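Heads up: the sequence lines are chains X and C, in that order.
Each number in our numbering comes from the position in the first sequence (counting from 1) with 309 added on.
Each number in our numbering comes from the position in the second sequence (counting from 1) with 267 added on.
C-beta: ideal position from N, C-alpha, C; glycine also.
If you're wondering where the values come from, they're calculated on a predicted model, not measured in any experiment.
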Amino acid sequence: MKQRPLISILIAFLFVQTGVVYAYAQQQVDEEYLVKAVFFERFSRFIEWPPEAELDSPGVPFVIGVIGDNPFGSLLDTLYATKSIKNKQVEVRYLASIDEIKNCHLLYIAQNDKNRLKEILRHSSSSSVLTIADSMGFGQRGVGINMYLEDGQIRFEINNKALSKSGFIVSSLLLKVARVVHTAEKVKR
Amino acid sequence: MKPLQSSISTKLFAIIVLVAFVSLLLSYGLSGWIQYLSFKEAMVEKVQVNARLVGEYCVVPLTFGDEAGALEMLKKLKTIRRTEAVQLYDKEEKLFAAYSRDKQFTPPAFAPPLNPGTFRQGSLYVVLAVNYEGEQYGTIAVQAGCGEFKEKTLAILVRLLPGMLALLVLSGLLAFRLQRLVSAPILDLADITKEISGKTDKTFRLAEERKDEIGELYGAYNAMLDRLSQHEQMRDRAEHELRRSGQKFRDLIESITECFWEVDKELRLIYASPILEQITGYSPGETMGLGLDELTLPGSSENSLAHVVAAMHARKPFKMVEDLFIRKDGKKVFLESSGTPIMDNNNLLQGYRGITRDISEQRSLAGQLRQSQKMEAIGTLAGGIAHDFNNILTAILGYSEIARMGLPPDDPVGKNLDEVINAGNRATELVKQILTFSRQGKEDFKPLQVQLIIKEALKLLRSSLPTTIQLKESIAADTGLILADPTQIHQVLMNLCTNAKHAIGDENGILTVSLSQIQVTNSAAIAACPQLEQGSYLDLAISDTGCGMDGVTRAKIFDPFFTTKEKEKGTGLGLAVVHGIIEQHKGKITVASEPAQGTVFHIYLPVIEEEQQEEQIIIEDDSGGSERILFVDDEKSIANIMQIILSSLGYKVTVFNSSTEALAAYTKNPDNFDLVITDMTMPEMTGTALAKKLFTLQPNLPVILCTGYSEAIDEKTAKGLGIREFLLKPVDKHTLAKVVRKALNPA
């Protein structure tokens, strides 16, 4: 029976390794989305919502809406349970319908909602909602802030024109650091 | 180099330029410094501003952890020249991003404390907080080099330098001109002061134009000049007075024969007038400064010196202190000194002043006076005695002559009487000698057979010589006559013989007196006496074998007051008088002597012509007369004798023993008498008084004055009164007869 322990150890090790890798990978993914989640708050520091957003009214929470598949898991909830945005308590809503967009201040558009993007944007742009996404090309499609990975760093591109059209004022400081993108003209078929 | 010795204008100029230089330098430095500071400030500000700006840009990178983005921002600070290093620290003060020029530079890992700007080791360190909307996102630290503004400051200074130099030169020029305002009047004053002592114009004054301190100085200077000129005038006056006073003093001092001296309070001689030398033989220079105890006063007695010293110690004056003093040349003089103390304001003794004079002459004159008074007294005595003697002799001679008259010539008794008469005559001569000797100073030159005088003198002398001294004589009998005063010749002889006697002293000795006639011709001049002119001389020699004299004494014997005898034994006048007498007689006296070998005096007297000889005294017949004679003499015996003699001559004689009776008698009958013979000394009325009275009655009355001694009257005076003839008692018959006849004969 001397061999058994060794194998057990190996297997155990393997599991652990896998676990670690998984955990690591998971951690990696968690980490990325943690950072992104944190970034929501950070972006908000450098952006002024239009007056219609009524961010000054007390008692009204800051609403973060997530539309599409939630990549964050419970991160948003955990994070924004204690953290405030714009000195307001944060409410995280996982939107079921587009109509709920207007009630949000910040909207995260998940990846798989490519098709619905236009509509989403239509709703958001008229409702003083800051749109944030992390899918390629979303910025040019009109999303306000689009995050992307580069060299292991999370960078973001800002569509300032779209934002200012919605009445947002973005601090130049942010703009300086971000990649400024413009809404691409639709290719006429 | 002694800066303080330079002129005031130089000093002023230097001061002004120095001040200007210092101020310019200071302001230059100050402005440079201020510039430097402002550059620093500017730099700090610039760095701060840029740091803040860049920090702001770093907020987002900090927020999103964008290190690269942050670094890019940091690099923007490159534009600030001299940025050496920039660091960005996050919220946790951990280094987030850093950039430095120097690649080796390691930035601090943790944020340094906030620092608005400090300079350390040539670099500026600014550490600022990176804030956004009230929240600190991190820290930015900037390090910048300071070289830039140092260079800038230097550049400014260089730019300023020409201006500064120009200002300096300008201030120098201004100083040069403007310092004159102050220095010129002072320099003028200095120049004037130098000249003023040489200026003859004493009224020169400075122009008082300015009102400042210089003006005051000028004013004060003028006032001082005024005072000076005043003082000068006063001093000139005082000097003049002093000179005059000094001259007066000198004139006074030099015109008196006394020596004026002064001693200080230590009794040291501080002044003696030049007469000192004449009196003592010592010049003031030789005696100056000597104290009384140092001044050897040769010849002085203890007493008189002690007296003076005692007076001086008692601060009392002393008067007429006499003392003997031996002069520098050895001569003895008598000095008399008087002194008075000099006191100062506090009654302290300052010294003594006084005079000293030579009283030797005074003393000798006093001695002479005493001597002559003695002689006078003797003379008076002698005269008195002689008078009595004469009377007695008159009687002796008279009666003897009368007795002789009655006897035949070769009667033995008569011969005895002749002897009596001779003796009487001799006695008469002797008395005459005594009288002539006592009668001093009256000259009576007449042709003289000097042998007679010599013989008489020797007679007197013989009686006074001690037995130890032998008297030898060698008198030539027939020599010529000399024109001489018998009294004085007698005096001379006595003097010389007395000296010879003293020279011999107590020893055995020989005194020789000789007389001879000599002829002086050119070839046979007297060696010892070359002044004798040609002619015949009598050589009267007196020699002794006494102690003799040395050359020194011999030279001085004829000097007045010179004597080898002690005080009181001789005044020293004897030989001087002898010398004088011989000179008056136109003769010469010489002396030859050697110590211990004796002395010889030669007296040379000129012989007179034969023609001048008086008639020889020949025996004449006594001529008589028959006139009436009034005879007055209080001595009865004399009157008696006279009566007999005159009667024998044929005259009719009336005798009175009282002058008043005689006068009464004459007055009663003036025509009764042809001649009056009267004695001189009579009680009631003297002969001359009687004569005068008689002359009032009969002016031409022949009067003969007959007197025993001539004290009261001499021939000249008598004849001046009107008296015809003058007779000396005792009168011999022959003389009486002659004179009476002469008086009665018509003039």
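Residue i to residue j, Cα distance in whole Å?
{"i": "residue 453 (chain X)", "j": "residue 394 (chain X)", "result": "18 Å"}
{"i": "residue 988 (chain C)", "j": "residue 712 (chain C)", "result": "23 Å"}
{"i": "residue 366 (chain C)", "j": "residue 407 (chain X)", "result": "48 Å"}
{"i": "residue 291 (chain C)", "j": "residue 482 (chain C)", "result": "33 Å"}
{"i": "residue 338 (chain C)", "j": "residue 459 (chain X)", "result": "17 Å"}
{"i": "residue 309 (chain C)", "j": "residue 430 (chain C)", "result": "26 Å"}
{"i": "residue 457 (chain C)", "j": "residue 497 (chain C)", "result": "22 Å"}
{"i": "residue 362 (chain C)", "j": "residue 327 (chain C)", "result": "16 Å"}
{"i": "residue 442 (chain C)", "j": "residue 455 (chain C)", "result": "19 Å"}
{"i": "residue 311 (chain C)", "j": "residue 483 (chain X)", "result": "28 Å"}
{"i": "residue 502 (chain C)", "j": "residue 604 (chain C)", "result": "38 Å"}
{"i": "residue 557 (chain C)", "j": "residue 576 (chain C)", "result": "15 Å"}
{"i": "residue 416 (chain X)", "j": "residue 442 (chain X)", "result": "8 Å"}
{"i": "residue 546 (chain C)", "j": "residue 741 (chain C)", "result": "47 Å"}
{"i": "residue 323 (chain C)", "j": "residue 423 (chain C)", "result": "35 Å"}
{"i": "residue 340 (chain X)", "j": "residue 358 (chain C)", "result": "20 Å"}
{"i": "residue 485 (chain X)", "j": "residue 465 (chain X)", "result": "11 Å"}
{"i": "residue 813 (chain C)", "j": "residue 831 (chain C)", "result": "14 Å"}
List the whole-angstrom C-beta distance separating residue i from residue j, where the pair is believed to meet the contact cut-off of C-beta under 8 Å.
{"i": "residue 659 (chain C)", "j": "residue 671 (chain C)", "result": "With a Cβ gap of about 18 Å, residue 659 (chain C) and residue 671 (chain C) do not count as contacting."}
{"i": "residue 314 (chain C)", "j": "residue 384 (chain C)", "result": "7 Å"}
{"i": "residue 897 (chain C)", "j": "residue 943 (chain C)", "result": "5 Å"}
{"i": "residue 318 (chain C)", "j": "residue 409 (chain C)", "result": "5 Å"}
{"i": "residue 405 (chain C)", "j": "residue 329 (chain C)", "result": "5 Å"}
{"i": "residue 824 (chain C)", "j": "residue 780 (chain C)", "result": "No, residue 824 (chain C) and residue 780 (chain C) are not in contact; Cβ-Cβ is about 19 Å, not under 8 Å."}
{"i": "residue 771 (chain C)", "j": "residue 736 (chain C)", "result": "5 Å"}
{"i": "residue 947 (chain C)", "j": "residue 974 (chain C)", "result": "4 Å"}
Determine, using beta carbons only, whether residue i comes closer than 7 Å to chain X.
{"i": "residue 336 (chain C)", "result": "yes"}
{"i": "residue 330 (chain C)", "result": "yes"}
{"i": "residue 333 (chain C)", "result": "yes"}
{"i": "residue 321 (chain C)", "result": "no"}
{"i": "residue 326 (chain C)", "result": "yes"}
Report the residue from the options whose alpha carbon sits nearest the alpha carbon of residue i.
{"i": "residue 763 (chain C)", "options": "C:571, C:296, C:811", "result": "C:811"}
{"i": "residue 438 (chain X)", "options": "X:444, X:461, X:411, X:460", "result": "X:411"}
{"i": "residue 479 (chain C)", "options": "C:498, C:452, C:849, C:465", "result": "C:452"}
{"i": "residue 923 (chain C)", "options": "C:915, C:932, C:638", "result": "C:932"}
{"i": "residue 906 (chain C)", "options": "C:822, C:990, C:917, C:662", "result": "C:662"}
{"i": "residue 617 (chain C)", "options": "C:721, C:903, C:583, C:503", "result": "C:583"}
{"i": "residue 664 (chain C)", "options": "C:297, C:284, C:998", "result": "C:998"}
{"i": "residue 540 (chain C)", "options": "C:532, C:549, C:528, C:546", "result": "C:528"}
{"i": "residue 320 (chain C)", "options": "C:413, C:353, C:391", "result": "C:353"}
{"i": "residue 594 (chain C)", "options": "C:550, C:615, C:622, C:571", "result": "C:550"}
{"i": "residue 691 (chain C)", "options": "C:682, C:610, C:680, C:667", "result": "C:667"}
{"i": "residue 804 (chain C)", "options": "C:784, C:815, C:798, C:813", "result": "C:784"}
{"i": "residue 500 (chain X)", "options": "X:389, X:425, X:476, X:446", "result": "Only positions 310 to 498 of chain X appear in this structure, which leaves residue 500 (chain X) out of reach."}
{"i": "residue 800 (chain C)", "options": "C:871, C:420, C:657", "result": "C:871"}
Using a Cβ cut-off of 7 Å (strictly closer), state whether residue i contacts chain C.
{"i": "residue 375 (chain X)", "result": "no"}
{"i": "residue 402 (chain X)", "result": "no"}
{"i": "residue 430 (chain X)", "result": "no"}
{"i": "residue 482 (chain X)", "result": "yes"}
{"i": "residue 486 (chain X)", "result": "yes"}
{"i": "residue 351 (chain X)", "result": "yes"}
task: Pick out the complete beta strand (DSSP E) segments inside the stretch 406–457 of chain X, 3 residues or longer, and give them in chain order.
output: 415–418, 439–442
task: For the stretch 336–360 of chain C, list the beta strand (DSSP E) runs that are entirely contained and at least 3 residues long, ordered along the chain.
output: Here the runs fully enclosed are 350–357.
field: Whole alpha helix (DSSP H) elements within the stretch 625–681 of chain C, 4-residue minimum
entry: 627–672
field: Unbroken stretches of the alpha helix (DSSP H), 4 residues or longer, contained in the stretch 491–557 of chain C
entry: 542–547, 551–554
- request: Please list the segments of the beta strand (DSSP E) lying wholly inside the stretch 714–744 of chain C, counting only runs of 3 or more residues, in order along the chain.
  value: 736–742
field: Start-end ranges of the beta strand (DSSP E) lying completely within the stretch 356–419 of chain C, minimum 3 residues
entry: 362–367, 382–387, 390–399, 402–412
task: Go through the stretch 962–1003 of chain C residue by residue and report every complete run of the beta strand (DSSP E) that reaches 3 residues or more, in order.
output: 970–974, 992–995
- prompt: At what residue ranges does the stretch 311–397 of chain X contain a whole run of the alpha helix (DSSP H), taking only runs of 4 or more?
  reply: 312–354, 384–391
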